[in-house]
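Residue numbers (my numbering): 3 to 151.
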Amino acid sequence: MSENSFVYVTYIRTTPEKLWQALTDPEFNRQFFLCSHQESDWKVGSSWKLVFPDGRVADSGEILEVDPPRRLVIKWRNEWMPEVKEDGYTRCTFTIEPDGELMKLAVVHEADGPHRLIPNVSRGWPLVLASLKSLLETGKGFERPPSKV
């Protein structure tokens, strides 16, 4: 990780279609995204938002690229921390590649320069993606820790 990028790679025993569904379906999201969910119609140019369990918008942006079930790119801005929101947009890229019986999921969250969101996502993504892996492999994701948000 640098001050303007975060990269996380994990391997999940699932299918590309199931992994794509988990990433894009709000009901699936709630099971691993610490009870939050994403809203979009998943078309290039469409709006996107990540919604907290209480209905507040955590992050918002736009779908930049969609190639199911291989690649998704989101223009991403934090909405609930004013000092982070003022830094503007970042990009989050999800890449899914088969590797034998596993799916390699790479998440790259990056900014064009220093950005206060990157240190935040570097703490958040590992927990969210571990929860996603757990959900797809065991049927149960993680609940939101009480001390968060």
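Ideal placement from N, C-alpha and C gives every residue a C-beta, glycine not left out.
Exposure label - residue i; buried when at least 16 CB within 10 Å
i             : result
lysine 150    : Bear in mind that the predicted position of lysine 150 carries a pLDDT of just 46, short of 50, making it unreliable; the figure below should be weighed with that in mind. Looking at its Cβ environment, which holds fewer than 16 other Cβ atoms inside 10 Å, lysine 150 is exposed.
valine 59     : exposed
threonine 156 : Absent from the structure is residue 156, since the part of the chain shown begins at 3 and ends at 151.
Identity of the residue in the options nearest residue i by Cα
i              : options                       : result
tryptophan 127 : Thr16, Lys51, Gly63, Phe34    : Phe34
aspartate 89   : Leu137, Pro116, Gly47         : Pro116
valine 11      : Pro28, His111, Leu107         : Leu107
glutamate 19   : Val109, Ile98, Arg125         : Ile98
asparagine 6   : Arg125, Lys135, Asp69, Ala113 : Ala113
valine 123     : Arg93, Glu145, Asp27          : Arg93
Residue j beta carbon less than 8 Å from that of residue i
i              : j               : result
tryptophan 50  : serine 62       : yes
isoleucine 120 : phenylalanine 8 : yes
tyrosine 91    : arginine 73     : no
Euclidean distance between Cα positions of residue i and residue j
i            : j             : result
leucine 66   : valine 46     : 5 Å
lysine 142   : threonine 17  : 17 Å
threonine 26 : tryptophan 44 : 8 Å
Contact with chain C by residue i, beta-carbon distance below 8 Å
i             : result
tryptophan 44 : The chain inventory of the structure shown lacks chain C, comprising one protein chain alone.
Strand pairing of residue i, partner residues [DSSP]
i           : result
cysteine 94 : Ile76, His111
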